[in-house]
Amino acid sequence: MQLCLSHPTEGYYMNPANKVFGSGGDFITSPEISQTFGELIALWLLQEYQKAGKGCPLRIIELGPGKGTLMADVLRINAKFEPRKRIDVHLVETSPAMRNLQSKNLEAHKRPEVCIHWHDSIEELQPSSKEYTMLLAHEFFDALPVHVLQRHKDTGFWHEVLIDSNDDTNKPQLDNASEDGVVQPKQADVGSTSKPKTSLRRVLASKPSNVGAVLGLSSPRFAAMPNGSFLEVSPSSFKIARKVGELLAAGDPQKENASLGGCGLIIDYGKDGAYEDSLRAFKQHEQVDVFREPGQCDMTASVDFAFLKEAMEDLVTPHGPISQGSFLVRMGLPMRLRTLLQAAKTEKRMEEIHGAAMRLVDPKGMGGQYQVLGITGEKKGDGAISEVWPFVKEPQRSPL
769 MQLCLSHPTE GYYMNPANKV FGSGGDFITS PEISQTFGEL IALWLLQEYQ KAGKGCPLRI
829 IELGPGKGTL MADVLRINAK FEPRKRIDVH LVETSPAMRN LQSKNLEAHK RPEVCIHWHD
889 SIEELQPSSK EYTMLLAHEF FDALPVHVLQ RHKDTGFWHE VLIDSNDDTN KPQLDNASED
949 GVVQPKQADV GSTSKPKTSL RRVLASKPSN VGAVLGLSSP RFAAMPNGSF LEVSPSSFKI
1009 ARKVGELLAA GDPQKENASL GGCGLIIDYG KDGAYEDSLR AFKQHEQVDV FREPGQCDMT
1069 ASVDFAFLKE AMEDLVTPHG PISQGSFLVR MGLPMRLRTL LQAAKTEKRM EEIHGAAMRL
1129 VDPKGMGGQY QVLGITGEKK GDGAISEVWP FVKEPQRSPL
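Under this note's numbering, the first residue of the sequence shown carries the number 769, and numbering increases by one thereafter.
Printed below as a string of structure tokens:
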């Protein structure tokens, strides 16, 4: 994944010839569908900032900003509610082509109080004692590389699933079980009866490795998985989530130069648990074989939100995740939608606005597939509020 997406010249995100976003690209994101998405995200961030009562300058960090649409909406809402507030925007983006696109799309939001910076890595950023930090990661973690492991059916050791050449002239094609009895993972069904042979294939290491052993022990949840299980794990995600916790953690106010902390939202495909093998590829809005045209397709793996929480929960308080649909509705989407519909000048425009909003909350689509994790800077047990709106448990309803 790392090579296919981020190779300096041939990577999917690095090559300007690849039209990544929008109706003509390989996928479309929530901020591109409706402005209400970014507006409600911005309102949650401002809600937490105002609750903190800091009154200090703002620092907004976005990991993988895409076209800059979400950040543009966040800055627009900030300009309405905090018009004279100094804001330092930090965009973590490795692609020069995407940086140019972001700069153009954020041009209208540049003003003396707003300063925009770009970074190659989140590691370039440090906790701030002078600014309250807001952090966004929308469809960022799903693009980070994953390892796939299988627990041996007899020994219980973790074996790595590797990528090998599919050259029949050099080696025989493996079937579903290798000589040591380890079953190979099934490749994702791409919904097509025509599956041309690719130059690569998945194989299982015949012996356990140090990497597999370490990753298999990286969460206490993995120890309970039975022999024969597959496990998808992203050490890159854990490392970055840990850094997110460090950036948002509030320091001891009694100490000099203590971090002011902050809040954040992580929005992505995933669930509050591990996956066996969710790696998939997309080309022109259709799912394709992950080995088809490496570097020319988007690749993604669903996010284990429990793993992200484990990385940061001793530093900050994570909330959720809850579905994107629940988040948007609880944050006031129906009310905002009503206002936009009243302002629409044509019936066609009303239908477009309504359809876009419904797409964001559709429980069988984006509203259910995407999850939202909230983060606040206080540690549990250090005065942190146990529940933060809208990350609240649904009330138990008694049966009729």
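By construction, the Cβ of each residue, glycine as well, lies at the ideal position given by its N, Cα and C atoms.
Computed from a predicted structure; not experimentally measured.
- Nearest to residue 970 by C-alpha distance, out of 931, 990 and 1002, is 931.
- For residue 1101, no beta strand (DSSP E) run applies; the uninterrupted alpha helix (DSSP H) run containing it begins and ends at 1101-1111, by DSSP.
- Take the alpha-carbon of residue 1115 and the one of residue 1126: they are about 16 Å apart.
- Boundaries of the alpha helix (DSSP H) harbouring residue 980: 978-984, taken from the DSSP string.
- For residue 1039, the enclosing beta strand (DSSP E) starts and ends at 1030-1039.
- For residue 807 and residue 855, the gap between their C-alpha atoms comes out near 17 Å.
- Counting only runs of at least 3 residues, the stretch 796-853 fully encloses the following beta strand (DSSP E) elements, listed from N- to C-terminal order: 826-831.
- The Cβ atoms of residue 1160 and residue 1035 do not sit closer than 8 Å to each other.
- The three-state reading of DSSP puts residue 858 in strand, counting E and B together.
- C-alpha of residue 1080 to C-alpha of residue 933: approximately 38 Å in a straight line.
- Check the Cα spacing between residue 770 and each of 972, 912 and 1069: the tightest is with 912.
- Residue 920 sits in coil when the DSSP states are folded into three classes, being neither helix nor strand.
- Of all C-beta pairs linking the stretch 971-978 to the stretch 891-909, fewer than three are shorter than 8 Å, placing the two stretches out of contact.
- Partner residues in the beta bridge of residue 1086, as assigned by DSSP, are 1143.
- Annotation for residue 967: 934 place their beta carbon closer than 6 Å to its own, counting only its chain and skipping 5 residues before and after.
- The residue among 999, 1146, 1092 and 782 with its C-alpha nearest the C-alpha of residue 1084 is 1146.
- Less than 8 Å divides the Cβ of residue 1144 from the Cβ of residue 816.
- Counted as a single uninterrupted DSSP element, the alpha helix (DSSP H) harbouring residue 1122 occupies residues 1115-1129.
- Of all C-beta pairs linking the stretch 988-998 to the stretch 866-886, fewer than three are shorter than 8 Å, placing the two stretches out of contact.
- Under the three-state reduction of DSSP output, residue 877 falls in the helix class.
- When DSSP states are grouped into helix, strand and coil, residue 772 belongs to the helix group.
- The beta carbon of residue 801 sits closer than 7 Å to the beta carbons of 1124, 1127 and 1128 from its chain, once the five residues preceding and following it are set aside; these are given in chain order.
- In summary, residue 1000 is buried, with 16 or more beta-carbon neighbours lying within 10 Å of its beta-carbon over all protein chains present.
- When beta bridges are read from the DSSP output, residue 970 appears opposite 931.
- DSSP places residue 1070 in the coil class of the three-state scheme, outside both helix and strand.
- Contact between residue 890 and residue 860 is confirmed by a C-beta separation of about 5 Å, below the 8 Å threshold.
- A Cβ-Cβ contact shorter than 8 Å links residue 870 with residue 835.
- Residue 1000 carries a strand assignment under DSSP once its states are collapsed to helix, strand and coil.
- Secondary structure of residue 882 (DSSP, three-state): strand.
- In this structure, the alpha-carbon of residue 1064 lies about 19 Å from that of residue 867.
- Residue 838 is a Cβ neighbour of residue 906, given a cutoff of 8 Å.
- Cβ neighbours of residue 989 within its own chain (closer than 7 Å, five residues either side excluded): 1042 and 1074.
- With a threshold of 16 other beta carbon atoms within 10 Å, residue 1106 falls short and is exposed.
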